[in-house]
Amino acid sequence: MPVEDPFAVRRAKRDALIESGETPYKDRFDFTHRASDVIAEYGHLEAGDDSADVVAMAGRVVAKRDQGKVAFVVVRDATEDIQLFCRVNVLGDDGYEVVRSLDVGDWIGATGTVLRTRRGELSVSPTEIVLLSKSLRPLPEKFHGLTDTETRYRQRYVDLVMNREVRDVFHARFRIISAIRRHMESQGFLEVETPMLHPIPGGATARPFVTHHNTLDMEFYLRIAPELYLKRLLVGGFERVYEINRSFRNEGVSIRHNPEFTMLEAYQAFTNLDGMMDLTEGIVAAAAQEVLGGLRTSYQGVDVDLTGPWPRRTMIELTSEAAGEDVSFGRTADELRELCSTHGVPVDDSWGKGKLITEIFEKLVEGNLVQPTFVTEYPLETSPLARKKPGQPELTERFELIITGREIANAFSELIDPVDQRERFAKQIEAKASGDDEAMGYDEDYLRAMEYGMPPAGGLGIGIDRLVMLLTDSASIRDVLLFPHMRPEA
RNA sequence: GGGCCGUUAGCUCAGUCGGGAGAGCAGGGGACUUUUAAUCCCAAGGUCAUAGGUUCGAUCCCUAUACGGCCCA
Numbered sequence: 001m002p003v004e005d006p007f008a009v010r011r012a013k014r015d016a017l018i019e020s021g022e023t024p025y026k027d028r029f030d031f032t033h034r035a036s037d038v039i040a041e042y043g044h045l046e047a048g049d050d051s052a053d054v055v056a057m058a059g060r061v062v063a064k065r066d067q068g069k070v071a072f073v074v075v076r077d078a079t080e081d082i083q084l085f086c087r088v089n090v091l092g093d094d095g096y097e098v099v100r101s102l103d104v105g106d107w108i109g110a111t112g113t114v115l116r117t118r119r120g121e122l123s124v125s126p127t128e129i130v131l132l133s134k135s136l137r138p139l140p141e142k143f144h145g146l147t148d149t150e151t152r153y154r155q156r157y158v159d160l161v162m163n164r165e166v167r168d169v170f171h172a173r174f175r176i177i178s179a180i181r182r183h184m185e186s187q188g189f190l191e192v193e194t195p196m197l198h199p200i201p202g203g204a205t206a207r208p209f210v211t212h213h214n215t216l217d218m219e220f221y222l223r224i225a226p227e228l229y230l231k232r233l234l235v236g237g238f239e240r241v242y243e244i245n246r247s248f249r250n251e252g253v254s255i256r257h258n259p260e261f262t263m264l265e266a267y268q269a270f271t272n273l274d275g276m277m278d279l280t281e282g283i284v285a286a287a288a289q290e291v292l293g294g295l296r297t298s299y300q301g302v303d304v305d306l307t308g309p310w311p312r313r314t315m316i317e318l319t320s321e322a323a324g325e326d327v328s329f330g331r332t333a334d335e336l337r338e339l340c341s342t343h344g345v346p347v348d349d350s351w352g353k354g355k356l357i358t359e360i361f362e363k364l365v366e367g368n369l370v371q372p373t374f375v376t377e378y379p380l381e382t383s384p385l386a387r388k389k390p391g392q393p394e395l396t397e398r399f400e401l402i403i404t405g406r407e408i409a410n411a412f413s414e415l416i417d418p419v420d421q422r423e424r425f426a427k428q429i430e431a432k433a434s435g436d437d438e439a440m441g442y443d444e445d446y447l448r449a450m451e452y453g454m455p456p457a458g459g460l461g462i463g464i465d466r467l468v469m470l471l472t473d474s475a476s477i478r479d480v481l482l483f484p485h486m487r488p489e490a
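Each residue of the first sequence is one higher than the one before, starting from 1 at the first, in the working numbering.
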């Protein structure tokens, strides 16, 4: 019976075990040591040293070198790899037969003594090995591993098994988020959860996903931002709240965009934009300290220094500098349109001066801001939820934090005047009516909340995926998302 | 949405100026009691992404499609 298809061979082993009354899918293994514990406790052993200590460990077989009466099996657990030095005289014939039948990919439990081989490899010499779970599919080749991007994203589980750097990136991601939570807690913020199904899309300008609630027989939108719910909590008297939220935007997929993404939004009563700058610097520093151990890093070959305080520059200043001429509300809309065409910025007839300036800024400046920079004084036209700048009603008290040419954070001194907010919603509705499918909805309940009185407050949003990209030197957002969205397989 | 590139064995890749395909690893058989990309011997493994077209003949040339990557909008 020449069964040579790897899947079939493994399947036959599984079936044979079941036939013999032994399950290839155990339900428990009590280990005493993770691989890293073995390394920490027995790292001092010299080549050829033999400890009498018995340890029990579990993991996945990632390599096997069979030499007849001795075999080397490399086992990987969540912490490290460790070698099993399997000998027939220690395991006995039956025990060694278990080793022989192992395939790369199998989960096993091993009990044995710790030693360091003559060649210097710290190893466990098992007296017993049990198969915990049979793997039916062969893992990728041991030397090159899995490199095909498509397969890596589609079968992230294999990517994680095979690629240490990938495990490290996600480990860093989890630590970053954990450090941010600790920092927020230390600053007195409450972590809250607000709805993901919104009857009215708001809190950002973006195309939403639409879904249907059967019982209520109505449309809901997957949130594009949690902002309006978090600010309702300010009205309710929670003075410092934040949510690490998944939000959804029905837009393109690119190296920087995924349809669902993770954001931190925080609101703090009785402070303003300056408070949000401090908070932002604190959060980024906490995250960087956690995974970099400092504030300097290198992103795609470019050195980045995250040491604060970061420079604060107005959008108009920066844009005028880059354009070599005044780019401000002092210019006519026609002049600004002319500038757009000079710099190859496509324009839309419905855009006012604010939008035109923002577009020129994005074209000429944003991508060139490598070191952390707070860009301030965004136009009112593109900031429907931010407080107006006193004396300059066409500008708002808003900043975006740009690092390596990308928006990492966005913050306002919040608009708390319900009458002003009502007017701005009306403008959004006009924009929607004239075809802007990213415009916000008119949220009457949010206005009602504001009319009860919202305390002065600063609000902040940080793109967690982009922050993780920066701190892990990842070129694509897909490299920091466990399961990035893709079209169904061909 | 546009442009360029890719898709060959489970994995990593060659290759065919158009005559119908190869390696390494993995897998199978054998040898080996200190290997670590173990080594050695033997045998096996493919709808060359999919669908059309050109041709005596297409995995290779052409067109379209699918999926992916990069760049641009």
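All C-beta atoms in this analysis are idealised placements derived from N, C-alpha and C, irrespective of residue type, glycine included.
Computed from a predicted structure; not experimentally measured.
Continuous beta strand (DSSP E) stretch holding residue i: start and end
{"i": "ILE462", "result": "457-463"}
{"i": "ILE402", "result": "398-403"}
{"i": "PHE374", "result": "373-376"}
{"i": "ALA71", "result": "70-76"}
{"i": "ASP305", "result": "302-305"}
Nearest candidate by alpha-carbon position, reference residue i, set the options
{"i": "ARG77", "options": "VAL161, VAL114, ALA52, VAL70", "result": "For the record, residue 77 in the displayed sequence is Asp; it is not Arg. Cα-wise, what sits closest to ASP77 is VAL161."}
{"i": "GLU227", "options": "GLY252, GLN268, LEU91, VAL98", "result": "GLN268"}
{"i": "PRO208", "options": "MET440, ASP217, GLU317", "result": "MET440"}
{"i": "VAL302", "options": "GLN371, ARG181, GLU141", "result": "GLN371"}
{"i": "GLU46", "options": "SER123, GLY59, ARG65", "result": "SER123"}
{"i": "THR211", "options": "ALA225, ALA204, THR205, MET196", "result": "MET196"}
{"i": "VAL104", "options": "THR215, THR262, GLY453, ARG65", "result": "ARG65"}
{"i": "ASP415", "options": "VAL468, ASP30, LYS389", "result": "The amino acid occupying residue 415 in the given sequence is Leu; Asp does not appear at that position. Comparing Cα positions, the closest option is LYS389."}
{"i": "ARG406", "options": "LEU395, LEU369, ALA426", "result": "LEU369"}
{"i": "VAL375", "options": "GLU381, THR396, LEU222, LEU447", "result": "THR396"}
{"i": "GLY453", "options": "VAL235, LEU292, ASP348, GLU366", "result": "VAL235"}
{"i": "GLU366", "options": "LEU336, TRP351, ILE316", "result": "ILE316"}
{"i": "ASP436", "options": "LYS69, PRO6, THR205", "result": "THR205"}
{"i": "ASP5", "options": "GLU265, PHE361, ASP445, PRO138", "result": "PRO138"}
{"i": "THR342", "options": "GLY352, SER350, GLY354, ALA322", "result": "ALA322"}
Local conformation of residue i per DSSP, three classes
{"i": "VAL54", "result": "strand"}
{"i": "LYS13", "result": "helix"}
{"i": "MET1", "result": "A caution first: MET1 carries a pLDDT of 32, below 50, which makes its placement in the model too unreliable to give a value."}
{"i": "SER507", "result": "One cannot answer for residue 507 here, as it falls past the ends of the chain, which runs 1 to 490."}
{"i": "PHE412", "result": "strand"}
{"i": "GLN392", "result": "strand"}
{"i": "GLU381", "result": "helix"}
{"i": "ARG240", "result": "strand"}
{"i": "GLN421", "result": "helix"}
{"i": "ASP81", "result": "strand"}
{"i": "ARG182", "result": "helix"}
{"i": "ARG387", "result": "coil"}
Close Cβ partners of residue i (< 7 Å) along its chain, the five nearest in sequence each way excluded
{"i": "ARG152", "result": "LEU146, ASP159"}
{"i": "MET469", "result": "ILE477, VAL480"}
{"i": "VAL3", "result": "In this prediction, VAL3 has a pLDDT of 46, which is less than 50 and means its spatial position is unreliable; nothing more can be read from the coordinates."}
{"i": "MET1", "result": "Legend: pLDDT at MET1 = 32, less than 50; position of this residue unreliable, value from coordinates given subsequently. Result list for MET1: empty, nothing under 7 Å."}
Same chain, Cβ closer than 6 Å to residue i, neighbours up to 5 away in sequence not counted
{"i": "ARG296", "result": "ASP305"}
{"i": "GLY202", "result": "LEU228, MET440, GLY441, ASP443"}
{"i": "ILE200", "result": "GLY441, ASP443"}
{"i": "GLU239", "result": "ALA269"}
{"i": "ARG398", "result": "TYR378, SER383, ALA386, PHE412"}
{"i": "ALA409", "result": "THR280, LEU401, ILE462"}
{"i": "ARG223", "result": "MET196, HIS198, SER247"}
Bridge partner(s) assigned by DSSP for residue i
{"i": "PRO126", "result": "GLY112"}
{"i": "HIS212", "result": "GLU219"}
{"i": "MET263", "result": "ASN245, GLY463"}
{"i": "PHE31", "result": "In the DSSP output, where bridge partners are listed per residue, PHE31 has none listed."}
{"i": "HIS407", "result": "In the sequence as presented, His is not what sits at residue 407; that position holds Glu. ILE402."}
{"i": "HIS198", "result": "TYR221"}
{"i": "THR314", "result": "THR376"}
{"i": "ARG60", "result": "ARG76, TRP107"}
{"i": "LEU131", "result": "ILE108"}
{"i": "TYR42", "result": "TYR42 is not bridged to any residue."}
Opening and closing residue of the alpha helix (DSSP H) in which residue i lies
{"i": "ASP159", "result": "156-162"}
{"i": "TYR96", "result": "88-101"}
{"i": "TYR229", "result": "227-236"}
{"i": "TYR299", "result": "Run containing TYR299: none in the alpha helix (DSSP H); it sits in the beta strand (DSSP E), 296-299."}
{"i": "TYR446", "result": "444-452"}
{"i": "GLY354", "result": "353-364"}
{"i": "ASP278", "result": "273-292"}
8 Å Cβ shell around residue i - same chain, five flanking residues per side excluded
{"i": "ILE39", "result": "GLU80, ILE82, LEU122"}
{"i": "LEU447", "result": "PRO418, GLN421, ARG422, PHE425"}
{"i": "ALA285", "result": "LEU295, LEU306, GLY308"}
{"i": "ASP30", "result": "ALA56"}
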